[in-house]
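At position 11 of the sequence shown (counting the first as 1) the number is 1090 in the numbering used here, and the numbers step up by one without a gap.
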Amino acid sequence: MVNTLIRAGIRQNKGTLIGVFVAVLTATMLATGLGVLIESGSRGGVDPERYAAADVIVGGPQSFETPENATYSLPERVPLPADELDAIRSLPDAARVVTDTTVPLSWDGSLIEAHGWSSAALTPYEISDGQTPRAANEVVVDSNLAARTELGATITLAHGGIDGDYLVVGIAAVTSSDQPDRAAHVFLTDATASALAPRGGAAEVVGVFAREGISPDDLANEIRTQVPDAVTYTGYERGAAEFLDAGAARATLVAIGSSFAGTAILIALFVVASTLSLSIQRRRRDFALMRAIGSTPLQIHRIIAQEVLLVAGAGALVGVIPGFLLAVVMRFGFAQAGVIPLDFALTFGPIPALIAVVVMVVASQLAAAVAARRPARINPIEALQEASTTPSRVGRGRTITGVILGVIGLLASAIPLFVPGTIAVAGPAAAALFLIVAVGLLGPRLVRGAITVFGGPLRHLKSPSAFLAATNARSNSRRLAAAIVPLALGIGLGLVQVGTQSIVAAEATTQSQAGVTAELMVTGGASGLSDDAVAAIAQTSGVSAANPVALSQMIYSFVQLGDPTSDQYPVQGIDPAATAATMDLGVVAGTLDALTGTQTIALSSDAAQAAGVGVGDTISGHLGDGAEVTSTVVAIYTRGLGFGDVTMTNPALLAHTTTGLNNYVLVGTEPGQQAHVQETLDAAGFTVTNRSELQAAGDGERGANSLVNLIALAVILGYIAIAVVNTLVMATGERRREFALMQLVGSTRRQVRAMMRTESMMVVVLAVALGVLVAGPPLIGISYGISGQLLPSISLVESVAIVGSLSIIGLISLAVATRAAMRSAPIVEIGSRQ
């Protein structure tokens, strides 16, 4: 009997249940796509190119696990200690051990990679013409670069801004596998490459060839046993050893997927629950009749649960395939944004799809159980009385929960008013979610209150459509809220995301522009600037100060609120003696003159506050290459967003970078000598720009992260847009009999459509107002915490794009749904089963 009712219910309510199907399908698609990103962060990667010939690649650990079990990818190449290299060479199953070090060079402004010739054994390259390099000024170019020169020609290669002339003695071509296309390569003698490499040419990566009869996996196991601190790579994994950005991309994908998965799934569950509630509400006449003829509450629950299981299960299974396609689209967007390599391959396994399906089916069952409570428990007579109207009462528990969450959101938004620094920004960032959920719970009450205030003038207008719209909105506030809340949710979430990025970027730019006092900035093109180049710049006539700046990342571990925590900060290496004439960090405690080696550091006020340290205190962390340091804080400054949260001496930081080269040099000039200095440095081959073109510390990373956030936001807003269309179509379709009755009592079709146009404008205006109210407190709190200004600096174009696009979607959806609901003749619709 129950199964017959379920089949009949699905057959007779296809329109209603299609909305549930679409909601679950799109939610599963979103969850699957994000799950694929997370899984790819564990198993995805890039195919090896230069290291394709070696059986096993060995390198230092390129990640660091913090005391609280968080894992950070190290941005600099971790060198392999000499004793570990000796241990590998002594292994009985290692037939040959080849070391490799990469040196960045510049040829006519383009970046190329140089290696010692012995490392060619790891690669598919062999001499196809000419000979191997034997003298310090000889070079072998790969077949891609051969088109730019010829054997016997002299080419100029720059290292760190210093030119060197090399004689082309050979051309290396690929004899197997694919042509490496990540970078162009040249080969020098081992001695020359070592002289140019940082850390005295110490091995960065080691390729090991197995003795005959030994598999790569067996050799890797032997290496791990004898040299436990080293990391081995075989097969596909060798690409992660060759390309540091592949390992960083893994961590990035995990971070992106994890950070957005929570928000996305929360929104998805909210949308699915709202859609189910609307679907069951639309069928209240059916359930009222079933209760009136003797159906028990348990039977109602069972019928609804099984219907939802069939519909949601089908939607979840269908949503898996587009979820994989969504992951491909997001991967493409992230690659274009520069946060993962263009050739990074995703991993497509069944686990993300299985988890997404299970989560959505379980969530739909829970939502169905909640939504079925009222039709299952209501008195049969009361059910029949309520069946022809929309219940406007909101439960006390729902109201109390919404009020509590709203108060929490407002209090969290106000944290920066009492706690200074960016550490307080976490409160407003989380407040947005509390406020969004609060609006979702209180939606009917908020809408009813707004209609009470603003609907009065509409009812007093001479326009019949305005009167009808205002009256309908007041009596059916719960149905109107179902249309308004998804729009408000998307607008609020979008404004908070783009507003936060705009506030941080604007403050970082302000700090960097205010803090650079040097007249010029010099860069070395593609390969950076060496110490010799810095010395040449400093000795240029008219230069009063030359401050070399190296950039990297470092991880500090500390105790925050009683719990161990870690954070990754941008770090800059400077010359303290030249800083006073070229850079103003806004020092508020201590002095930069006290910086010496890695034992001393200066921290931004935000980083110092997060770590709970001041001048004279010590803090422990790890540099970009994993080297552990314990440093004493000698200064605290305020312009951390503009220049990085950690500052140390230039030589101390360069010793722990992959290239050992500076990113740029800030140049102070003597009075009246700026033009002369710029002309002289230009003639010397340096790239010279005005100080206004200096980017704030982390601008590149922030720009990439901003694009990532926009891509993820676009995906989430796209889902919300689908949910909005779905909800509006369902809510409007429910009003077929209402539209028919209005026409039968004298209203024309044009008047009904005019009423709906007025109502759609009310929906959009109220949604925009609620969305702005949701976004306002968090953005004000974030702005005050970051810049000290209550008025947020947000992008007007992006804000208008978010509000406008969602508003247009709402207007079009209501117009299309209204026309679809009025297709049937009024007398036919009135006589239908509904």
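Beta carbons: idealized from backbone N, C-alpha and C, even for Gly.
Quantities reported herein were computed from a predicted structural model and do not represent experimental measurements.
Among the options, the one whose alpha carbon lies nearest that of residue i
i, options, result
"L1109", "V1436, A1617, F1288", "V1436"
"T1038", "F1339, V1182, F1322, G1764", "Examination of residue 1038 is not possible in this model, given that the chain is present from 1080 through 1913 alone."
"I1801", "G1889, P1140, L1425, A1509", "G1889"
"L1391", "L1425, V1824, S1443", "Per the sequence presented here, residue 1391 reads as Ala, with Leu not at that position. Measuring from the Cα of A1391, the nearest candidate turns out to be S1443."
"V1595", "E1229, V1746, Y1648", "V1746"
"A1584", "A1673, I1865, F1818", "I1865"
"P1643", "M1633, L1608, A1624, S1699", "S1699"
"T1478", "S1710, A1896, A1517", "A1517"
"L1568", "A1511, L1559, D1179, S1631", "A1511"
"I1799", "S1884, V1756, V1650, Y1716", "S1884"
"I1293", "D1134, V1564, R1129", "D1134"
"P1307", "E1217, G1528, V1137", "V1137"
"G1231", "L1445, V1767, G1209, R1213", "G1209"
"T1426", "V1284, V1577, D1126", "D1126"
"Y1204", "D1187, S1222, I1191", "S1222"
"A1899", "L1630, P1295, R1815", "R1815"
Secondary structure of residue i, DSSP reduced to three states
i, result
"D1611", "helix"
"V1101", "helix"
"A1597", "coil"
"D1704", "coil"
"I1167", "helix"
"A1309", "coil"
"I1865", "helix"
"S1467", "Confidence in S1467 is poor, its pLDDT being 49 and thus under 50, which makes the residue's placement unreliable; the coordinate value appears in the next sentence. In this structure, S1467 counts as coil in the three-state DSSP scheme."
"I1241", "strand"
"T1748", "strand"
"N1148", "coil"
"A1894", "helix"
"N1769", "strand"
"G1123", "coil"
"H1380", "helix"
"M1834", "helix"
"A1904", "coil"
"S1683", "strand"
"S1255", "coil"
"V1248", "strand"
"L1236", "strand"
"A1276", "coil"
C-beta neighbour in chain C for residue i, strict 9 Å
i, result
"T1268", "Protein chain content of the structure displayed is limited to a single chain, and chain C is not contained in it."
Residues sharing a beta bridge with residue i, DSSP
i, result
"S1699", "S1636, T1709"
"R1175", "F1288"
"W1186", "S1189"
"Q1647", "I1634"
"A1406", "DSSP lists no partner for A1406."
"P1032", "Residue 1032 is absent from the model: the chain starts at 1080 and stops at 1913."
Alpha-carbon spacing of residue i relative to residue j, whole angstroms
i, j, result
"S1353", "G1522", "11 Å"
"A1193", "V1177", "16 Å"
"G1691", "A1612", "39 Å"
"G1279", "I1653", "22 Å"
"I1483", "S1606", "56 Å"
"A1384", "T1827", "41 Å"
"A1686", "Q1639", "12 Å"
"I1419", "D1172", "36 Å"
"M1727", "V1708", "12 Å"
"G1797", "A1343", "11 Å"
"G1739", "G1341", "40 Å"
"P1856", "P1158", "48 Å"
"T1759", "T1619", "8 Å"
"I1379", "L1323", "58 Å"
Span of the beta strand (DSSP E), counted from its first residue to its last, around residue i
i, result
"N1300", "No beta strand (DSSP E) contains N1300, which is instead part of the alpha helix (DSSP H) from 1295-1305."
"V1265", "1264-1267"
Segment limits, alpha helix (DSSP H) that includes residue i
i, result
"Q1753", "1753-1762"
"M1662", "Careful: M1662 lies outside any alpha helix (DSSP H) and carries neither H nor E."
"F1722", "1719-1722"
"G1138", "From DSSP, G1138 is part of no alpha helix (DSSP H) but of the beta strand (DSSP E) over 1135-1138."
"M1821", "1815-1823"
"S1492", "1475-1492"
"S1443", "1429-1450"
"G1318", "1317-1321"
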